[in-house]
Ligand code: SF4
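Residue numbers (our numbering), protein chains in the order written: chain A, 33 to 293; chain B, 10 to 493.
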């Protein structure tokens, strides 16, 4: 980044619909990480969804409306951060494409796109934090979600951060970069194909013989966790933010409540 | 070939259940990508070449009429003929006319996707002319009465045992007790069968990897050398190619050749690369006496200038198929028409219409692997999404899924209501499943729960908790517990 970073940048947290609705712990972990990194964080209540389901189904007019709402809600912040490569990528890479024939909105979309980041990229490449040093005695494997990996080039950053987690040993799967078969609505529209892809992913994860699966996108993680439990595995599945923020005392994704809580 | 695009989901299910096919697909998905990676790693300038290749094709597409006319002019100067064909029917009839004029009984063929696209084999056979595929893979599937399932490895879905069965069934003139265990024996047998056919054929039909405007040549790339015997031995050579195969110069052709084989099979070059330029000249010792080029449009000019134009840069290298997790799961036949994989999912709706092919662009997670390996820099996920948009905007009736999505979008545009409604749903799902952590079945969400558990929501949404003052006890307990 060429511009100077404000000393205590004001970050708008775009928590993403999946985290908001199904796994608030990821939101709180994100909040903690951002604050640890010296950011002042706000959570606008007007946020809903980034519009990706509509966008990937070809409904551009609804996507445009939702995008406008996101732009209006978040453009005042220094940065917009989302704990998801797919939603982050939607705002930073795809919003522009929606306003080709509308100069004013195109400009506003571009402005927002330039300051929107996926959480790990933001912590690693923008803020360059050195405040990550949690504890987690476990072995883990990392799933590279497609948009994060191929749209936002997230590959080494999460692994570098995980090196600072005391007690955590990372074991790479052979197919960590292969799609897990989630694909948003794809997984419900084409369940058989999705299952086939998912089983390959799960097989690869199982052969790492680690205790934990980590990733940066809740959609993929819910997909993977749901199949793991369906196949009788009790492997712990978590969003990387939970581990980096040292917030792993609650149950993993799709895991039962801990009785002592 | 019967069109089966409309039964895509069923085709996919059958393919997933086919164990033999799955073994072959496993092998393919490991082999080709590994080889490509090695070839690309060996070549530091690969990225640069990709950009050059892309630019060449973009330039051609922007000036297609000019280069096509140049090309035609060159072909005619060398004594060949160019036949412009608007659609498959016109192309078939033109080919038949040439075959009849040559009094052809048999036609040898080297692999051509355009040949598949116009269903030339069935048509020739119906008209009393025997088509003989000479590429080993194509020969095998011709014996089995199947369409290809891959662009460069058409019989990738067939196991060795199945090849042996087909050979025993068809080659009845050979001793029944012959040993066909060894793949080399199969190869030898096919070669023996084909040798005579090459010599007897009246017409040789080939495709073209490229057409070179400056020389009027067609380029043929194979690993078996069968294309060379196909075009050089018979009296008449017919080239079938679609209009976007043009490149301006030999130099351009060589740039594309450098990315083609590396992307396809991981070879630096394919074993045989041939440039055919017109019929045999007086001083040539051999070659065809007649040289015809069938230039096929078949829907391509409609793609030109549209949001799908970029697919016309495709050089059919198959890298996108080889790296596609969907192709790996279901193989080529499930796509239901000639072109499989990501490139097929983009091209097919353009050629046969989105109505009949609507599953193809939808059955993708848009994971982006294809784009990352495409030597021509074709943004395949973007093009798949563009088909979805076109379809969505053109179709007045909505499926249940689309209505649900519309409702979601409607809700997302009303944040207050969104948080209320979703808060209630989440509280219910949370209450149902939180203790166990998962829900095994949810009505109207069986697409999800038929294959995997639904991870139970924690109970309160993040926004609710945050705005009531919670800041980060993330033990999974609900707000009530957090605040006490
Ligand atoms: S789309 Fe790209 S990768 Fe796929 S066959 Fe065409 S050129 Fe090759």
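Heads up, the beta-carbon is just placed ideally off N, CA and C, and yes, glycines get one too.
These numbers come from a predicted model, not from an experiment.
In the three-state scheme derived from DSSP, where H, G and I count as helix and E and B as strand, residue 479 of chain B is classed as coil. The alpha carbon of residue 154 of chain A has as its nearest neighbour, out of A:127, A:78, A:193 and A:91, the alpha carbon of A:193. Excluding residues up to 5 positions away in sequence, 114, 116 and 119 lie with their Cβ nearer than 6 Å to the Cβ of residue 48 of chain A in the same chain. Residue 454 of chain B and residue 220 of chain A have their C-alpha atoms roughly 8 Å apart. With respect to chain A, the C-beta atom of residue 480 of chain B has a partner C-beta closer than 8 Å. Across the set B:361, B:148, B:396 and B:180, the C-alpha of B:361 shows the shortest separation from the C-alpha of residue 13 of chain B.
Within 7 Å of the C-beta of residue 245 of chain A there is not a single heavy atom belonging to the ligand SF4. Within the segment 187–216 of chain A, the residues whose Cβ lies closer than 7 Å to some Cβ of chain B are 210, 211, 213, 214 and 215, listed in chain order. When 7 Å is used as the limit between beta carbons, residue 401 of chain B is near these residues of chain A: 89, 90 and 91, in chain order. Contact with chain B is absent for residue 140 of chain A, since none of that chain's Cβ atoms lies less than 8 Å from the residue's Cβ.
Counted as a single uninterrupted DSSP element, the alpha helix (DSSP H) harbouring residue 56 of chain A occupies residues 56–68. Of all residues in the segment 272–301 of chain B, none has a C-beta nearer than 9 Å to a C-beta of chain A. Residue 75 of chain A carries a coil assignment under DSSP once its states are collapsed to helix, strand and coil.
For residue 220 of chain A, a Cβ of chain B is located within less than 8 Å of the residue's own Cβ. With a threshold of 8 Å between beta carbons, residue 289 of chain A makes contact with chain B. For residue 410 of chain B, at least one C-beta of chain A is nearer than 8 Å to its own C-beta.
Straight-line measurement puts the Cα of residue 376 of chain B at about 23 Å from the Cα of residue 58 of chain A.
The continuous alpha helix (DSSP H) containing residue 108 of chain B extends over residues 97–110. The beta carbons of residue 89 of chain A and residue 44 of chain A sit no closer together than 8 Å. Taking each of A:54, A:46, A:38 and A:41 in turn and checking the Cα distance to residue 253 of chain A, the smallest one comes out for A:54. Counting along the chain, the unbroken alpha helix (DSSP H) around residue 93 of chain A starts and ends at 92–106.
Residues of chain A whose Cβ lies closer than 8 Å to the Cβ of residue 366 of chain B do not exist; the shortest such Cβ separation is about 14 Å. Rounded to the nearest whole angstrom, the C-alpha separation of residue 64 of chain B and residue 139 of chain A is 29 Å.
Three or more beta-carbon pairs separated by less than 8 Å are not found between the segment 132–140 of chain B and the segment 164–172 of chain B, which leaves the two stretches without contact. The beta carbon of residue 262 of chain A falls within 8 Å of a beta carbon belonging to chain B, placing the residue at that interface.
Here the segment 409–421 of chain B does not lie against the segment 63–77 of chain A, with fewer than 3 beta-carbon pairs under 8 Å apart. Taking a Cβ-Cβ cut-off of 8 Å, the neighbours of residue 182 of chain A in chain B comprise 376, 377, 378, 380 and 381, given in sequence order. Under the rule that a run must span 3 or more residues, the beta strand (DSSP E) segments found entirely inside the segment 241–265 of chain A read 244–247. With a cut-off of 7 Å, the C-beta of residue 325 of chain B is classified as near the ligand SF4, since at least one heavy atom of the ligand falls inside that distance.
Per DSSP, the continuous beta strand (DSSP E) segment holding residue 142 of chain B begins and ends at 139–142. Looking at the DSSP output, residue 118 of chain B shares a beta bridge with B:142 and B:214. Restricting attention to A:178, A:41 and A:94, the CA atom closest to the CA of residue 415 of chain B is found in A:94. Counting along the chain, residue 93 of chain B sits inside the beta strand (DSSP E) bounded by residues 90–94.
Taking 8 Å as the CB threshold, residue 244 of chain A stays off the interface with chain B. Residues of the segment 140–173 of chain B with a Cβ closer than 7 Å to any Cβ of chain A: none. The beta carbon of residue 122 of chain A does not come within 8 Å of any beta carbon belonging to chain B, so the residue lies off that interface.
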